[in-house]
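Just so you know, the sequence shown maps onto residues 7 to 574 in my numbering.
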Amino acid sequence: MQPCYGTPGSKKYDTNDSITPCIIMLGMSHKIRNFLFQYGVFIFFAVYLAIGLSVFDDYGCGPDEGMERQTSLVNYKYVIEKLNLPVSEPVKTWLGYLPPLKEYRDRYYGTAVQIPMVLIESSSAFTMEPAEFYGIRHLYTFLNFFVAMICFYLLLKERFKHRGIALLGTAMLILTPRFFAESFYNNKDVLFLSWYIISIYFIFRWFRKKTTGAAIVAGILLAFTINTRLNGIVLIPLVILFAVIEQFEKKYPFREAMLPLCVLIVTCLVTFFIITPNYWESPVSTFLEAFAFNMKHPNHGSDGNLFFGNLVDSTKIWYFIPTWIVLTIPTCIVLLSVLGFGKIIIDFIRNRFSFFEHNELFMDLFMTAAGLIPLLVIIFMRVIIYNGWRHCYFFYGTLIYMAVVGLQTVWKMKIKHPAFQFLKNALLVLGIGSLLIGNGLWIIRNHPFEYVYFAPLFRKYSDEFSGDYWGIASRNLLEYIVQTDDRPQIIVDHSLTNAGSINRGLLPEKDRDRLDLVYDTENADYIIFSRDDKTADQASFTGFKKVYSIRVDSDEIGIVFKRETEIN
Numbered sequence: 007m008q009p010c011y012g013t014p015g016s017k018k019y020d021t022n023d024s025i026t027p028c029i030i031m032l033g034m035s036h037k038i039r040n041f042l043f044q045y046g047v048f049i050f051f052a053v054y055l056a057i058g059l060s061v062f063d064d065y066g067c068g069p070d071e072g073m074e075r076q077t078s079l080v081n082y083k084y085v086i087e088k089l090n091l092p093v094s095e096p097v098k099t100w101l102g103y104l105p106p107l108k109e110y111r112d113r114y115y116g117t118a119v120q121i122p123m124v125l126i127e128s129s130s131a132f133t134m135e136p137a138e139f140y141g142i143r144h145l146y147t148f149l150n151f152f153v154a155m156i157c158f159y160l161l162l163k164e165r166f167k168h169r170g171i172a173l174l175g176t177a178m179l180i181l182t183p184r185f186f187a188e189s190f191y192n193n194k195d196v197l198f199l200s201w202y203i204i205s206i207y208f209i210f211r212w213f214r215k216k217t218t219g220a221a222i223v224a225g226i227l228l229a230f231t232i233n234t235r236l237n238g239i240v241l242i243p244l245v246i247l248f249a250v251i252e253q254f255e256k257k258y259p260f261r262e263a264m265l266p267l268c269v270l271i272v273t274c275l276v277t278f279f280i281i282t283p284n285y286w287e288s289p290v291s292t293f294l295e296a297f298a299f300n301m302k303h304p305n306h307g308s309d310g311n312l313f314f315g316n317l318v319d320s321t322k323i324w325y326f327i328p329t330w331i332v333l334t335i336p337t338c339i340v341l342l343s344v345l346g347f348g349k350i351i352i353d354f355i356r357n358r359f360s361f362f363e364h365n366e367l368f369m370d371l372f373m374t375a376a377g378l379i380p381l382l383v384i385i386f387m388r389v390i391i392y393n394g395w396r397h398c399y400f401f402y403g404t405l406i407y408m409a410v411v412g413l414q415t416v417w418k419m420k421i422k423h424p425a426f427q428f429l430k431n432a433l434l435v436l437g438i439g440s441l442l443i444g445n446g447l448w449i450i451r452n453h454p455f456e457y458v459y460f461a462p463l464f465r466k467y468s469d470e471f472s473g474d475y476w477g478i479a480s481r482n483l484l485e486y487i488v489q490t491d492d493r494p495q496i497i498v499d500h501s502l503t504n505a506g507s508i509n510r511g512l513l514p515e516k517d518r519d520r521l522d523l524v525y526d527t528e529n530a531d532y533i534i535f536s537r538d539d540k541t542a543d544q545a546s547f548t549g550f551k552k553v554y555s556i557r558v559d560s561d562e563i564g565i566v567f568k569r570e571t572e573i574n
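Put into structure tokens, the structure is as follows:
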């Protein structure tokens, strides 16, 4: 085949070694190619940032957002009291209504990353409207994810030595519909994914540079990651293991190899202790309590998960998480990731089980271990999981990484006959292009409900699995009611959604004041229903008629029922 060319003065790109020239640059003029080569990365992230800034306020809220906010405020109160920090009387009075940290149910969840949001609210003496502070939190969650995507791009660029491939992998992650949506409001699982990716990138930088500065930066970021979710602690033994193997394989002097590692680990532990107030009084016993808490999730049971049409206990089905991953991720990405995983294992064997034969293999092995090990621990230790596979979202960075390895493997695969070689590459380009464009169009068509995405092959089964388990669409259901009913008082039964109250707070004050949310239908004018682990036909709506519903593909995720005869 004829090679594709890059910009003037750049090297010639062989079609077997580079994907991007044939995907992006064929058919373009010399000036456009030159412009994209120089500014393509900036344009990509600028456009993504602009999109995020324009849609961050489109989503409803889930109950966990309220809980995370409260947890961060309880920690803030503890710090102020413990350190005797000066605050205004209105702030002190407002915080006085919160429970003490040591008596608080969710004290084991770290909130260090949430501190900027707490300080913003505190600066206004907690007088902000709910729509304001939740809107700011949505924006903040997105900005964390945005920074993580920059780090993910740089990580892929370091691994594949090509900007285009790195952008392609980053776009695959961003345009995964569930992650696109949840990157705005999921301030637990996607926030942890963000910091997991950021930490891994800076750990790679440390392995490359081995300077004291790089160790301190990586240690600080790793501490924030562990604070966000205790699962992040898996990166500490991984870093130690790989550092020891590197010292063994490369025959570095022991002091030279271990001193930077000690700086990283000590920095991480000290930083974690400082930013996690719950550990200040008794760090060891608190860590053991937190570990047990995260294993069992005593605030939520493992049963009651809708799975293939039945309510099941997720801890008793080992394939619960793998099934959710396959169903809710584009099938092309799943297949490429399996191929990529196989390629990594084959390369490891071919290099005589050497971890550091070359930098690419080291990155492959570390990234794979960082994703798979905690995932397998969760599956086989029967950690309590609910609401789909969101507790394992940290794995998605690894999945996309392996998919890009698989994509490159297919592209480099050589076929002797030129026509078949061209056909293989053309089909690959067409497939990846269709994936990205198709996902983008699906997101636009179903916005802001893209968080219930199922892969096309499995969409007809979507109502057999948990749907809008957080009740995010409750905002839209309540908006419909206040927009179509002008009565001064409207009674709404919100017992069939998890997020009626928090989404009521997103409405303008004049509409909030008209809504009276209750937990029974006796005097209700309306019922709002979110399809989480139940279906509409399992609930009783006698005397009510359906007046509004939200559908994503064939799945009815939210319904408004109105009383047929008004109550006198």
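Heads up, the beta-carbon is just placed ideally off N, CA and C, and yes, glycines get one too.
- At least 7 Å separates the beta-carbon of residue 222 from that of residue 157.
- Its chain contains 296, 297 and 300 as the residues whose beta carbon lies nearer than 7 Å to that of residue 236, once the 5 sequence neighbours on both sides are disregarded; these appear in chain order.
- By the Cβ rule, the stretch 188-200 counts as touching the stretch 144-162, because three or more pairs are nearer than 8 Å.
- The three-state reading of DSSP puts residue 444 in helix, counting H, G and I together.
- In this structure, residue 553 lies away from residue 540, with their beta-carbon atoms at least 7 Å apart.
- Bridge pairing for residue 569: 550 [DSSP].
- When secondary structure is reduced to three states using DSSP, residue 536 falls in the strand class.
- Contact check for residue 230 against residue 119 passes: the beta carbons are separated by less than 7 Å.
- Per the Cβ contact rule, the stretch 209-228 is not in contact with the stretch 433-443 (fewer than 3 Cβ pairs under 8 Å).
- Ranking 411, 386, 314 and 331 by CA distance to the CA of residue 351 puts 411 first.
- For residue 271, the enclosing alpha helix (DSSP H) stretches over residues 260-281.
- Residue 135 sits in coil when the DSSP states are folded into three classes, being neither helix nor strand.
- Taken through DSSP and simplified to helix, strand or coil, residue 313 comes out as strand.
- Under the DSSP assignment, residue 560 falls outside any alpha helix (DSSP H); it carries neither an H nor an E label.
- Residue 44 is classed as exposed because its beta carbon has fewer than 16 other beta carbons within 10 Å across all chains shown.
- Taking the Cβ atoms as the reference, residue 505 lies roughly 5 Å from residue 68, within the contact range of under 8 Å.
- Annotated three-state conformation of residue 126 is helix, per DSSP.
- At a Cβ-Cβ threshold of 7 Å, residue 406 and residue 116 do not count as neighbours.
- The three-state reading of DSSP puts residue 360 in coil, since its state is none of H, G, I, E or B.
- CA-to-CA, the gap between residue 110 and residue 53 works out to about 42 Å.
- Within the same chain, Cβ atoms closer than 7 Å to the Cβ of residue 145 are found at 62, the five residues on either side in sequence being excluded.
- Within the same chain, Cβ atoms closer than 7 Å to the Cβ of residue 96 are found at 131, the five residues on either side in sequence being excluded.
- Boundaries for residue 496: no alpha helix (DSSP H) harbours it, while the beta strand (DSSP E) harbouring it runs 496-502, taken from the DSSP string.
- For the pair residue 252 and residue 374, the Cα-to-Cα distance works out to about 17 Å.
- In this structure, residue 182 lies away from residue 225, with their beta-carbon atoms at least 7 Å apart.
- By the criterion of a C-beta distance shorter than 6 Å, residue 525 is surrounded in its chain by 501, once the five residues flanking it on both sides are discounted.
- In this structure residue 530 is in contact with residue 498, their Cβ atoms being roughly 6 Å apart against a cut-off of 8 Å.
- For residue 522, the beta-bridge partners assigned by DSSP are 497.
- Between residue 249 and residue 512, the C-beta spacing is not below 7 Å.
- Judged by DSSP secondary structure, residue 100 falls within the alpha helix (DSSP H) whose first and last residues are 95-101.
- In this structure, residue 190 lies away from residue 325, with their beta-carbon atoms at least 7 Å apart.
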